[in-house]
Amino acid sequence: MIPITTLVHEVARVFGPKPAIISDRWTVSYEELDERINRLANAYRELGLQHGDRFAVMATDSIEHIETALAICRAGGVYVPLNYRLREEEVGYLLSDSDPVLLAVDPDYLDIARAVRQKVTSVEHVVVFGAASDDALAHDDVMSRGVTTYPSVELHPDDVVQIQYSSGTTGLPKGAVLTHHTLSSRTAIGLVESGRFASDISFNNAPFFHVAGSQLDYSVLVKGGTILRHRQFDAERAAHALQDLGVTSAFFVPSMINALLQASEISSLDFSKLRLIEYGAAPMPQAQLRAAIDVFGCSFVQLFGAGTEGGMQAILPAEDHIVGGTDVQTRRLSSIGRPTSFTEVRVISEDGTPVSPGEIGEIISRGPANMREYWGKPEATAETLRDGWLHAGDMATVDEDGYLYLVDRKKDMIIRGGENIYPTEIELALCEHPRVLEAAVIGVPDDHWGENVHAIIVTRPDETLTSDDVIEFCRERLASYKKPATIEFVDALPRNASGKILKRELREPYWKDAGRSI
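All you need for our numbering is the position in the sequence shown, starting with 1, plus 753.
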């Protein structure tokens, strides 16, 4: 397949002056973007970036970040996106693991770059998306050094182009190795399943360092559409942007949609140009989905994937988002959909055989979107990729029509007295309560049962709940052994930049002195 950075170059020749990316601060056209990518790629080569060298980037979502990623690829390097919310020690681990020769950062993260550079000797230059300093080159100055001609670098489909680190919600992050073929395949799947048009103004709110963020942006660029990017998500500002800029498609994680629904002027805004909202990365309670469909009045599509390792695996299309339909249609609102194009998906039991409809098993997938390997971790690779099938640890059931129903992450499963309990089922039940805004469920140590169910709840603004209220609500909806044994009320749940709840942080206080982890 043709590399994404090459496709962007070809698209720029067609759409020239058309806006490619609109950011908080400025707008860049396709012809300007392509020239800037050429300049950066040539300048990086002059700075010593060789074919296959890693180039790490720790930055928020901006034109500078996106053009840097595409320039790294065009220069033959390997783009290593870093979560900008990580602490110094965590950044140091990722840099030590990937050994980049260059590191680009926002000004806010320059101090972290300085600190980790003392320990990570592979980094030869630091580039800052701001003013130069004694120990950092300015992004614009680097760009000015490069010529505008397309770099004379031969790119092959099997070349490594990106190392995408997992979020580390259950342990140390691992780097998924993606080739040009992998990246282009994921983009092609997105184009086929979601549909993109040159007339689109697409508002992407998944962080660019996250697999969904970059893939969604690439699918817009290769079709000649326009990307809208904000550095940070703000519900009030995002709601007005949907109206004021005539956004036609958008991606939000469910927590963002929840925040949008509570925006002060949401009911008075005009979303008539919005044709599609895509969502994913976390389950969405049906009550929230129904409210969103009512407010925005557009099509909704759910995207589900194996994250860094496998890209998009399943899609619940717009025609399956029917509110107030038959029992079958209502049940499908709880589904993650059916397998995407070019992807084989199975749900298997512990012995590797396909499960019967309704039985819980592990989702495995095979196709061109799967990673090649984990960076420098052959044992983890062998455990996750078996005979070409990706085992990402997601548990699900499948119905007679091939629709998948996510149950939980295998590692999040609670075992109470020998019974397997899946937190997602309980979380969705809790979120049906009209006074519950968000909920997370974890297993905590229990001397009698081994583990027991603990619910952590965020109530809606100006609402109150008691533990008795919650337990009574659950009694009508869940089997007795699944009901939370203990309940905790908090102001907010810890999340990573991708919107996923950090279950590891929630578990830590309960397990640190238990002498065991399960």
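We treat Cβ as the ideally placed atom computed from N, Cα and C, and that holds for glycine. All of these numbers come straight from a predicted model, not from anything done at the bench.
Quiz item: What did DSSP end up calling V975 once you bin it into helix, strand or coil?
Solution: By 1-based counting over the sequence shown, the position of residue 975 is 222. Of the three classes helix, strand and coil, the one that applies to V975 here is coil, per DSSP.
Quiz item: With 16 other CB atoms within 10 Å as the buried threshold, where does Q917 fall?
Solution: Locating residue 917 in the sequence shown gives position 164, where the first residue counts as 1. Its Cβ being crowded by 16 or more others within 10 Å, Q917 is buried.
Quiz prompt | Identity of the residues DSSP links to P834 by a beta bridge | solution = Translated into the one-based positions of the sequence shown, residue 834 becomes position 81. In DSSP, P834 forms a bridge with V810.
Self-check item: CB contact below 8 Å: D953 versus chain D
Solution: In summary, chain D is missing from the structure at hand, where a single protein chain is found.
Quiz prompt | N1011 versus A1182 - alpha carbon distance | solution = Along the sequence shown, one-based indexing puts residue 1011 at 258. Along the sequence shown, one-based indexing puts residue 1182 at 429. Going by the C-alpha atoms only, they are around 16 Å apart.
Self-check item: Same chain, Cβ closer than 8 Å to R1169, five either side skipped, listed in chain order
Solution: To locate residue 1169, count along the sequence shown from 1; it is residue 416. Correct list, in chain order: G1196, D1199, W1202, G1203, E1204, N1205, V1206, Y1234.
Quiz prompt | Nonlocal neighbours in the same chain, by C-beta distance under 7 Å from T923, ignoring five residues either side | solution = By 1-based counting over the sequence shown, the position of residue 923 is 170. Low local confidence applies: a pLDDT of 49 at T923 is under 50, so the model's placement there is unreliable, and no value is given.
Quiz item: What did DSSP end up calling A1238 once you bin it into helix, strand or coil?
Solution: Here residue 1238 refers to the residue found at position 485 when the sequence shown is read from its first residue. Three-state DSSP puts A1238 in coil, outside helix and strand.
Self-check item: L1069 - partner residues in DSSP beta bridges
Solution: For the purposes of this step, residue 1069 is taken as residue 316 along the sequence shown, with counting starting at 1. According to DSSP, which records beta bridges pairwise, L1069 is partnered with Q1055.
Quiz prompt | Range covered by the beta strand (DSSP E) that runs through H1144 | solution = Walking along the sequence shown from the start, residue 1144 turns up at place 391. Where H1144 is concerned, the enclosing beta strand (DSSP E) stretches over 1142 to 1151.
Practice problem: Write down the C-beta distance between E1153 and P1110 rounded to the nearest angstrom, noting that I regard them as a contact closer than 8 Å. | Solution: Looking up residue 1153 in the sequence shown gives position 400. Looking up residue 1110 in the sequence shown gives position 357. So it is a contact: roughly 5 Å between Cβ atoms.
Quiz prompt | As assigned by DSSP and simplified to three states, the class of G1155 | solution = Counting from one through the sequence shown, the residue named residue 1155 turns up at place 402. Correct three-state label for G1155: coil.
Quiz item: DSSP on Q915, reduced to helix/strand/coil?
Solution: On the sequence shown, residue 915 is found 162 positions in, with the first residue counted as 1. Note: Q915 maps to strand in three-state DSSP.
Quiz item: With burial defined as no fewer than 16 other Cβ atoms inside 10 Å of the residue's Cβ, what is the status of G805: buried or exposed?
Solution: By 1-based counting over the sequence shown, the position of residue 805 is 52. The residue is exposed, with fewer than 16 neighbouring Cβ atoms inside 10 Å.
Quiz item: Thinking C-alpha only, which one of P904, K872, L863 is nearest A891?
Solution: On the sequence shown, residue 891 is found 138 positions in, with the first residue counted as 1. The shortest C-alpha separation from A891 is found at L863.
Quiz prompt | Reduced DSSP category for L1138 - H, G, I as helix; E, B as strand; rest coil | solution = What you label residue 1138 is simply residue 385 of the sequence shown in a count that begins at 1. L1138: strand per DSSP, three-state reduction.
Quiz item: Of all the options W779, H909, L974, D814, which has the alpha carbon lying nearest to the alpha carbon of V767?
Solution: Here the question's residue 767 lines up with position 14 in the sequence shown. When only C-alpha atoms are compared, the closest one is L974.
Exercise. Could you please give the first and the last residue of the uninterrupted alpha helix (DSSP H) stretch that includes N795?
Key: In the sequence shown, the residue the question calls residue 795 occupies position 42. 783 to 799 is the extent of the alpha helix (DSSP H) around N795.
Quiz item: Given a threshold of 16 other Cβ atoms within 10 Å of its Cβ, counted over all protein chains shown, does Q1055 qualify as buried or as exposed?
Solution: Taking the sequence shown and counting its residues from 1, the one referred to as residue 1055 is at position 302. Per the 10 Å Cβ criterion, buried.
Quiz item: How about P904 and N795: are their beta carbons less than 8 Å apart?
Solution: In the sequence shown, the residue the question calls residue 904 occupies position 151. In the sequence shown, the residue the question calls residue 795 occupies position 42. In contact: P904 and N795 (Cβ atoms closer than 8 Å).
Quiz prompt | Host alpha helix (DSSP H) of P1262 (start-end) | solution = As a working note, residue 1262 is residue 509 in the sequence shown. Segment 1256 to 1264, the alpha helix (DSSP H) holding P1262.
Exercise. Go ahead and label W779 buried or exposed: buried means 16 or more other beta carbons lie within 10 angstroms of its beta carbon, across all protein chains shown.
Key: Numbered from its first residue, the sequence shown carries residue 779 at position 26. The residue is exposed, with fewer than 16 neighbouring Cβ atoms inside 10 Å.
Quiz item: Since V1189 contacts I1179 with CB under 8 Å, what's their CB separation in whole angstroms?
Solution: Translated into positions along the sequence shown, residue 1189 becomes position 436. Translated into positions along the sequence shown, residue 1179 becomes position 426. Contact doesn't hold; Cβ gap of about 12 Å is too wide.
Self-check item: Beta-carbon proximity of T932 to V945, cut-off 8 Å
Solution: Translated into the one-based positions of the sequence shown, residue 932 becomes position 179. Translated into the one-based positions of the sequence shown, residue 945 becomes position 192. No, these two residues do not count as a Cβ contact at 8 Å.
Quiz item: In the DSSP assignment, what residue or residues form a beta bridge with L855?
Solution: Start at 1 with the first residue of the sequence shown, and residue 855 comes out as number 102. For L855, which the question treats as bridged, DSSP gives the partners F808, H878.
Practice problem: Would you mind sorting K976 into buried or exposed? The rule is 16 or more other CB atoms within 10 Å of its CB. | Solution: Residue 976 sits at position 223 when you count from the first residue of the sequence shown. By the 10 Å Cβ count, K976 comes out buried.
Quiz item: Are at least three pairs of beta-carbons, each pair with one atom in the region 1212 to 1224 and one in the region 1117 to 1129, less than 8 Å apart?
Solution: no
Quiz item: How about T758 and L823: are their beta carbons less than 8 Å apart?
Solution: Your numbering for residue 758 matches position 5 in the sequence shown. Your numbering for residue 823 matches position 70 in the sequence shown. For T758 and L823, yes; Cβs fall inside 8 Å.
Quiz item: Quick one, which of L800, V764, D1080, I819 has its alpha-carbon nearest Y783's?
Solution: For the purposes of this step, residue 783 is taken as the residue at position 30 of the sequence shown. Of the candidates L800, V764, D1080, I819, the one whose C-alpha sits nearest the C-alpha of Y783 is V764.
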